[in-house]
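From first to last, the protein sequence lines are chains A and B.
In terms of our numbering, the first sequence is residues 465 to 863.
In terms of our numbering, the second sequence is residues 8 to 126.
Positions of the beta carbon are idealized from the N, C-alpha and C atoms, including for glycine.
One structure is given below, encoded as structure tokens.
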Amino acid sequence: MDFRENSRFLKLSAVAAAMLPLAAAACPDAPVRGTGDLGLIVERAAGRLELIETTGRSVLGRIEGLGDLSHASIVYSRDGRYGFVFGRDGGLTKVDLLCRRVEQRVIQAGNSIGGAISQDGRLIAVENYTPGGVKVFSAETLELLADIPAEYADGKRAKVVGLADAPGNRFVFSLFEAGEIWVADLSDPRQPVVQKFRGIGTQPYDALITPDGRYYLAGLFGEDGLALLDLWHPELGVRRVLDGYGKGEEKLPVYKMPHLRGWALAGRYAYLPAVGRHEVLVVDTTTWTEAGRIAVAGQPVFVMARPDGRQVWVNFALPDNDTVQVIDTESLAVVSTLKPGKAVLHLEFTPRGEAVWISARDDDRVIVYDTASFAPLAQIPADKPSGIFFTVRAARIGL
Amino acid sequence: MVFSTSRGFAPALFAAAMGLAGPAYTANGGDKLPASSRQSELVHMVRHDCGSCHGLTLAGGLGPALLPDALAGKPIEYVERVILDGRPGTAMPPWRGMVSDEEARWIAQQLQNGFPREQ
Numbered sequence: 465m466d467f468r469e470n471s472r473f474l475k476l477s478a479v480a481a482a483m484l485p486l487a488a489a490a491c492p493d494a495p496v497r498g499t500g501d502l503g504l505i506v507e508r509a510a511g512r513l514e515l516i517e518t519t520g521r522s523v524l525g526r527i528e529g530l531g532d533l534s535h536a537s538i539v540y541s542r543d544g545r546y547g548f549v550f551g552r553d554g555g556l557t558k559v560d561l562l563c564r565r566v567e568q569r570v571i572q573a574g575n576s577i578g579g580a581i582s583q584d585g586r587l588i589a590v591e592n593y594t595p596g597g598v599k600v601f602s603a604e605t606l607e608l609l610a611d612i613p614a615e616y617a618d619g620k621r622a623k624v625v626g627l628a629d630a631p632g633n634r635f636v637f638s639l640f641e642a643g644e645i646w647v648a649d650l651s652d653p654r655q656p657v658v659q660k661f662r663g664i665g666t667q668p669y670d671a672l673i674t675p676d677g678r679y680y681l682a683g684l685f686g687e688d689g690l691a692l693l694d695l696w697h698p699e700l701g702v703r704r705v706l707d708g709y710g711k712g713e714e715k716l717p718v719y720k721m722p723h724l725r726g727w728a729l730a731g732r733y734a735y736l737p738a739v740g741r742h743e744v745l746v747v748d749t750t751t752w753t754e755a756g757r758i759a760v761a762g763q764p765v766f767v768m769a770r771p772d773g774r775q776v777w778v779n780f781a782l783p784d785n786d787t788v789q790v791i792d793t794e795s796l797a798v799v800s801t802l803k804p805g806k807a808v809l810h811l812e813f814t815p816r817g818e819a820v821w822i823s824a825r826d827d828d829r830v831i832v833y834d835t836a837s838f839a840p841l842a843q844i845p846a847d848k849p850s851g852i853f854f855t856v857r858a859a860r861i862g863l
Numbered sequence: 008m009v010f011s012t013s014r015g016f017a018p019a020l021f022a023a024a025m026g027l028a029g030p031a032y033t034a035n036g037g038d039k040l041p042a043s044s045r046q047s048e049l050v051h052m053v054r055h056d057c058g059s060c061h062g063l064t065l066a067g068g069l070g071p072a073l074l075p076d077a078l079a080g081k082p083i084e085y086v087e088r089v090i091l092d093g094r095p096g097t098a099m100p101p102w103r104g105m106v107s108d109e110e111a112r113w114i115a116q117q118l119q120n121g122f123p124r125e126q
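In structure tokens, the structure reads:
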């Protein structure tokens, strides 16, 4: 039954996509305003987005019809007007924040995990599980420009994870089953040039790129350690960092994969989730060696720095997913433990970090905290909220 | 909610045998079922927490699809064991401690029959 619904939906969507060159028709009712304080909250079960603004902390409206939004993520056009939403069902949807509507939508794969926008803002790349690979679309029209199948041994296709944009209109991504990192140069969008790095480690599960766009760091699920690629010097290849950080100890069961994107860099130190351990790892990015470990309340999922780098906020996998902890980056001490609600899935800082928005899926709300006093400032009702994405991401490499 | 693990296994084998014997196997084949409030908790857990890897619609993600077609031919006992013990060498963790034996069996049955949607 599920299958039949899906295939019917696919056909409908294909038809809709073909009929939909909606043009950027005007929406006369839209208020004249900037978009710098806007954001979207994913209502994962309802297939809907909540449009919010962070100045008055209010809900401006909802945008419906986005399909299966489990594990959805969003990137923004550089003018902050459009969000590109990557849905689990392979849906790529362009939404207009000012007109508050779906501008265009295509089903581009069977199963998708995320995406990125190019340095020049013209290309949207989507990372897919089924069929494994990366597809690149025009940000303006969502026309397919390039298809990069993640083929490895004997024509098998790997799930693609950890897709990040890099300077030079490049996209960098990892192949889960293959243990490879690929760098795709889309200077000519219809003729991608792909450089492959093989044998980088077992089961890369996610990755990040440093805010300067220089280093690509993939976390490994199948072994203790991370794979590092210096994009200024790809000729040096991928090297292993933090090798054996678990020192051979048995991992705890991992009930939710950590996320590396939106990672924490504060000064010269990076803060990373340890897989299967109740620890945040501190890494010196000048040497890429371990500089410390911080014991935390559970297995970290997101480890995110306040924009000024003074604090790092951490949420956790089951069964500690009602908790958020705050680490002071000067003392490396946990300075606050908060209980925002049941099933905390994501957190997002306002552009300059005076507040943080935290989603509590099972309490159907987003809680806004003051990051200086840790006092709750507001509660935003939301239906099973997961990811929170503010338009400030439009101007940041790797987001 | 209170299910002792020792009571669970023999009926599980029996249920598995029943399940293998014919396609008409149903959830209430004499097994002890989770209370209905716990059933909704389990549905929520599978849809959302299992769904973080297997997808909200269970059509698959980092983990494989858990739809009836995908599980066809797999003994119910195997599905139950994977839930309880995970699959070493993969990202599938053991859920023992989060769910009892009976609950794992109930989840396995529901998956094979087409998993319920949340109310």
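Assuming the contact rule is C-beta atoms closer than 8 Å, residue i and residue j should be a hit. Round their C-beta distance to whole Å, please.
i	j	result
A/A846	A/E507	6 Å
A/V559	A/V566	6 Å
A/R654	A/L609	6 Å
A/W412	A/V820	The structure shown has nothing for residue 412 of chain A, since chain A only spans 465 to 863.
A/G663	A/D688	Incorrect: roughly 17 Å between the Cβ atoms, too far for contact.
A/T753	A/L729	Not quite, the Cβ-Cβ distance comes to about 16 Å (not below 8 Å), so this is no contact.
A/R829	A/G805	6 Å
A/P849	A/I527	So it is not a contact: roughly 14 Å between Cβ atoms.
A/V539	A/L513	About 14 Å; that fails the 8 Å criterion.
What would DSSP say about residue i, mapped onto helix, strand or coil?
i	result
B/M52	helix
A/W696	coil
A/G731	coil
A/R526	strand
A/Y424	Only positions 465 to 863 of chain A appear in this structure, which leaves residue 424 of chain A out of reach.
B/A42	coil
B/N120	helix
A/D827	helix
A/W752	coil
A/P849	strand
B/P100	coil
A/Y867	This structure does not reach residue 867 of chain A, given that chain A is present from 465 up to 863, and the question cannot be answered.
A/R704	strand
B/E87	helix
A/H810	strand
A/L504	strand
B/A34	The predicted position of B/A34 is uncertain, since its pLDDT is 43 and thus under 50; no value can be drawn from it.
Measuring straight from C-alpha to C-alpha, what distance separates residue i and residue j?
i	j	result
B/L27	B/E84	Reliability of the predicted coordinates at B/L27 is poor, the pLDDT of 37 falling under 50, and the value obtained from them is presented with this limitation in mind. About 9 Å.
A/K803	A/A839	12 Å
A/R634	B/S107	48 Å
A/S795	A/I758	10 Å
A/S537	B/E109	36 Å
A/D786	B/P82	35 Å
A/T835	A/D501	17 Å
A/L841	A/V702	44 Å
A/E591	B/K39	43 Å
A/L693	A/G632	16 Å
B/Q116	B/G62	18 Å
B/L91	B/I114	11 Å
B/P123	B/G80	20 Å
A/G677	A/V598	20 Å
A/I462	A/V657	The structure shown does not extend to residue 462 of chain A, since chain A is modelled only from 465 to 863, so the question has no answer here.
B/C60	A/G551	14 Å
A/P737	A/G596	26 Å
A/P771	A/A510	31 Å
A/A648	A/G585	16 Å
B/E48	B/W102	15 Å
A/A494	A/L562	6 Å
Whose C-alpha, out of the options, is nearest the C-alpha of residue i?
i	options	result
B/P100	A/G498, A/E714, A/R521, A/D670	A/E714
A/L627	A/R621, A/L716, A/S638, A/D772	A/S638
A/T518	A/E812, A/G677, A/A859, A/L587	A/E812
A/V767	A/R774, A/N779, A/A761, A/Y540	A/N779
A/V744	A/R732, A/G731, A/Q763, A/T751	A/Q763
A/L700	A/F601, A/Y679, A/A734, A/D618	A/Y679
A/G619	A/A630, A/N575, A/E641	A/E641
A/L809	A/S837, A/S800, A/I791, A/F853	A/F853
A/A622	B/H55, B/L78, B/Q119, B/G68	B/G68
Exercise for the section: Using a Cβ-Cβ cut-off of less than 8 Å, list which residues of the region 690 to 723 of chain A approach chain B; keep chain order. Expected result: P717, V718, Y719, K720, M721
Exercise for the section: Could you name the residues of the region 812 to 831 of chain A whose beta carbon sits closer than 8 Å to any beta carbon of chain B, in the order they occur along the chain? Expected result: R825, D826
Practice task
Select from the region 578 to 608 of chain A all residues with a C-beta closer than 8 Å to any C-beta belonging to chain B, and list them in chain order.
Solution key: The region 578 to 608 of chain A vs chain B, Cβ under 8 Å: Y593, T594.
Exercise for the section: Could you run through the region 606 to 639 of chain A and flag, in chain order, every residue whose CB is less than 9 Å away from some CB of chain B? Expected result: Answer in chain order: K623, V625.
Practice task
Determine which residues of the region 525 to 547 of chain A have a Cβ less than 9 Å from any Cβ of chain B, and write them out in chain order.
Solution key: D532, L533, S534, H535
Problem - Proximal residues, the region 74 to 100 of chain B versus chain A, C-beta separation under 7 Å - result: L74, D76, G93, A98, P100
Handout entry: Contact residues within the region 667 to 692 of chain A, judged by C-beta distance below 7 Å to chain B
Key = F685
Practice task
Check distances from the C-beta atoms of the region 495 to 529 of chain A to those of chain B and list, in chain order, the residues that come in under 8 Å.
Solution key: Under the 8 Å Cβ criterion, the region 495 to 529 of chain A contributes R508, A509.
Problem - Contact set between the region 51 to 77 of chain B and chain A, restricted to residues whose Cβ is under 8 Å from the partner - result: H51, R54, H55, D56, G58, S59, C60, G62, L63, T64, L65, A66, G67, G68, L69, L74, D76
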